[in-house]
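See below for the structure under consideration.
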Amino acid sequence: MLKKLSLLLSLVAVFVLSSCSSKMKGLQSDFFTVTPQVLEVVGTEVPVTIDGRFPAKFFNKKSVLTVTPILKYNGNSVSAESVTFQGEKVQGNNRTISYNNGGNFTMRFSFDYTPEMERSELYLAFSVTKGKKSYTLPEVKVADGCIATSQLYRSTVASANNAIGEDAFQRVIKQAKEANIMFLIQQTNLRNSELNSQELKDLKAAMSDVATDEKNKVLDNVEVAAFASPDGGMTLNVDVAAGREKSTEKYVNKEMKKAKLEGYVDTDYTAEDWDGFRELVSKSNLPDKDIILRVLSMYNEPEEREQQIKNISTVYSDLANEILPQLRRARITLNYQLIGRSDEEIQAQFQEDPKALSLEEILYSAILTENVKEQKKIYSTATSIYPDDYRGYNNLGVLAYNEGDYSLATEYFNKAAKVAPTAAEVNVNLGYIALINGNVADAEAYMAKGSSAKVGDEALGNLYIAQGQYARAAEYLSGEVTNSTALAQILNKDYSTAKSTLKSIANPDATTYYLQAVLGARTDNASLLYDGLKNAIKLEPTMARKALGDLEFAKYVSSEAFQSIIK
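Quick note on numbering: our numbering labels position 492 of the sequence shown as 492, and the sequence is numbered without any gaps.
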């Protein structure tokens with residue numbers, strides 16, 4: 001390639017400096033480099049850099065040279081932006097090259113990649129203008145292309161971990177039923193008006209329900225917490241709070257006995273409920289509530305707090321009428337567990353009548369079987385009974401995706417998106433579909449909305465591969481043992497880690513072995529290359545044709561061992 005560049009500039013010199021052929025003698029092939037020497041796809045582009053220099057007394061002072069990079073592939077061609085140089089006596093805005101000193105130059109450009117470019121050639125086209133005369137020089141080939149290993153992301157995402165719409169099923173759910181008994185100031189007796197409140201009626205009904213439904217409800221305990229408001233002396237408030245605790249505990253034991261509910265009653269009391277006081281004041285519309293809250297933060301001693309608040313005469317009457325009465329109470333809490341169906345009961349009920357199951361139970365039942373046909377039936381049932389929940393559609397899409405039916409998967413994901421357009425799982429999965437189709441821009445939009453999904457980091461890692469951000473991709477895929485992880489590590493030139501990742505993949509597929517072959521080629525490990533390629537072609541025969549045209553294997557393609565494998 002360097003010899004061709006030397007020839008290129010020799011031709012230019014002949015034309016531009018035809019007055020003296022001896023001026024070409026200073027031209028050396030090592031004046032010019034093309035990076036990379038074999039073009040490579042990065043993200044969605046094929047970037048190229050050409051560095052070189054014009055030797056001293058080379059560039060004619062009155063000439064203009066325009067260089068246009070052209071990538072040719074499969075009967076097509078695409079041009080990059082031209083670069084123009086001019087001699088010292090040319091009036092213009094182009095880069096001026098000194099006749100006496102020559103000059104260095106760098107050309108940076110890129111082509112938008114399409115799969116047909118995998119077998120391509122890079123040419124430079126030249127045109128020279130001197131005065132009113134213009135000439136075209138023969139095009140010169142300067143590089144081959146393209147290594148497209150990065151584009152394997154469209155295969156590696158096929159085995160990525162999709163985002164499942166998980167169930168929220170809980171077999172044991174903690175429940176709590178509360179009721180409050182209010183007391184008059186400095187009183188501990190239970191009033192009939194309070195004992196006949198709707199709260200206590202509901203609490204007693206809940207006690208009976210827990211007692212009679214031993215299969216589905218299990219009592220943890222009953223808590224009694226008694227309080228006194230923070231007015232009056234501490235000694236008095238201790239007696240009052242303790243008395244309220246005792247009378248309420250006696251009442252609870254009596255009602256539990258009536259309900260035939262066996263269990264423990266845990267009791268406690270708070271002599272001065274400053275926490276409750278602070279909460280009620282902060283939620284109130286009292287005009288001076290900020291002053292009161294400031295007093296609470298400034299003073300820790302109860303007596304001093306009370307005195308400072310009483311000094312705010314404009315608001316103390318409001319506190320006495322609105323806030324303090326709410327703190328003279330005892331709280332009763334019935335704590336119990338709601339026990340759901342067993343796995344066997346859920347499966348049996350699904351077969352008998354799935355409509356009797358909750359949505360969470362139906363979705364949960366899908367993880368109780370590894371039979372994909374049965375899982376499809378379960379998720380389809382979920383969409384039939386609960387059509388307004390996205391998870392059934394999404395999970396049907398995941399099953400189709402895993403089977404390689406991306407058309408059907410897209411159909412299901414779109415249905416899920418119609419129900420829940422902002423669902424993170426749905427957006428991640430639509431992002432994967434976009435990557436498989438090579439639509440990186442759409443994938444980026446979807447992945448951004450799906451980043452909060454459980455597999456969000458893995459999804460972003462796949463996106464970063466497609467965008468050419470290989471270091472970032474390897475970071476986000478770290479810890480995942482997938483083809484995508486290995487691909488990111490190979491592209492990031494972390495070959496030892498990539499080898500370990502590929503070796504650890506539990507169910508290697510054709511792409512896994514093809515990546516092994518690429519790794520072998522990049523590390524000059526012929527055995528690793530041939531073993532990987534042999535297994536890849538065994539699982540997927542079309543890999544033979546791909547390998548034959550893959551420039552990763554250019555060094556080995558003519559070998560007898562390589563040829564025997566791809567036949």
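All C-beta atoms, glycine included, are put in the ideal place defined by N, C-alpha and C.
Remember, it's a predicted structure, so these values are computed and weren't measured experimentally.
Counterpart residues of residue i in DSSP-defined beta bridges
| i | result |
| --- | --- |
| F126 | V67 and L137 |
| G103 | F54 |
| A259 | According to DSSP, A259 bridges with nothing at all. |
| T33 | D51 |
| N180 | R331 |
| L338 | I173 and K217 |
| S79 | I70 |
| R108 | T49 |
Member of the options whose CA lies at the smallest distance from the CA of residue i
| i | options | result |
| --- | --- | --- |
| A205 | A228, D239, K258 and G233 | K258 |
| T512 | T523, P69 and N535 | N535 |
| L477 | N104, T497, Y364 and A488 | A488 |
| E163 | Q170, R331, Y390 and A526 | It is worth fixing the name first, because residue 163 is Ala in this sequence and not Glu. Residue Y390 is the option with its Cα nearest to A163. |
| P354 | N371, N335, A466 and Y386 | Y386 |
| V224 | D231, T270 and N189 | T270 |
| T149 | Q308, S504 and V38 | V38 |
| G92 | P115, M107, K61 and G263 | K61 |
| Y364 | G165, G145 and P115 | G165 |
| F183 | L548, N507 and L324 | L324 |
| F227 | K418, A80 and Q186 | Q186 |
| A448 | G468, A423, G438 and Q469 | A423 |
| S82 | Y99, V64 and E88 | V64 |
| D266 | E475, I147 and D220 | D220 |
Where residue i sits in the DSSP three-state scheme
| i | result |
| --- | --- |
| V42 | strand |
| P47 | strand |
| Y73 | strand |
| V90 | coil |
| L533 | helix |
| V557 | coil |
| N427 | helix |
| D144 | strand |
| V455 | coil |
| S22 | Bear in mind that a pLDDT of 31 at S22, under 50, signals an unreliable position, so the model cannot answer this. |
| Q170 | coil |
| E118 | helix |
| Y113 | coil |
| S98 | strand |
| E223 | strand |
| D494 | coil |
| Y269 | strand |
| R191 | coil |
| T84 | strand |
| P287 | coil |
Span separating the alpha-carbon of residue i from that of residue j
| i | j | result |
| --- | --- | --- |
| A366 | E425 | 17 Å |
| E480 | V157 | 13 Å |
| K217 | V295 | 46 Å |
| S317 | K310 | 9 Å |
| S110 | E45 | 6 Å |
| E322 | T212 | 41 Å |
| A486 | E403 | 22 Å |
| D275 | L236 | 19 Å |
| D531 | E361 | 47 Å |
| V12 | V90 | For V12, the predicted model reports a pLDDT of 47, less than 50, meaning its position is unreliable and no value from the coordinates is stated. |
| D290 | V315 | 11 Å |
| P138 | A125 | 7 Å |
| Y123 | T501 | 39 Å |
| R459 | V398 | According to the sequence displayed, residue 459 carries Ala and not Arg. Roughly 14 Å between the two C-alpha positions. |
| E194 | M256 | 18 Å |
| S84 | V67 | Strictly speaking, residue 84 in this sequence is Thr, with Ser absent from that position. One C-alpha to the other measures close to 6 Å. |
| N462 | A473 | 7 Å |
| I433 | Y406 | 7 Å |
| E249 | R341 | 34 Å |
| A356 | F169 | 15 Å |
| N192 | I312 | 36 Å |
| S77 | F562 | 31 Å |
| E344 | E262 | 29 Å |
| A526 | P36 | 23 Å |
| A453 | V428 | 7 Å |
Contact test: residue i Cβ vs the ligand GDP heavy atom, cutoff 6 Å
| i | result |
| --- | --- |
| A486 | This structure lacks the ligand GDP, and indeed carries no ligand of any kind. |
Residue-level contact to chain C via CB, residue i, 7 Å cutoff
| i | result |
| --- | --- |
| N196 | The structure shown has no chain C; it contains just one protein chain. |
Practice task
Would you check if the segment 536-547 and the segment 506-520 touch, i.e. whether three or more CB-CB distances between them fall below 8 Å?
Solution key: Flag = yes, the segment 506-520 and the segment 536-547 touch.
Exercise for the section: Inspect the CB distances between the segment 177-184 and the segment 69-84 and report whether three or more fall short of 8 Å. Expected result: Short answer: they don't touch.
Practice task
Would you check if the segment 488-503 and the segment 515-527 touch, i.e. whether three or more CB-CB distances between them fall below 8 Å?
Solution key: Three or more Cβ pairs closer than 8 Å define a contact, and the segment 515-527 meets that threshold against the segment 488-503.
Practice task
Count the CB pairs spanning the segment 438-445 and the segment 406-415 that are closer than 8 Å, and state whether there are at least three.
Solution key: No, the segment 438-445 is not in contact with the segment 406-415.
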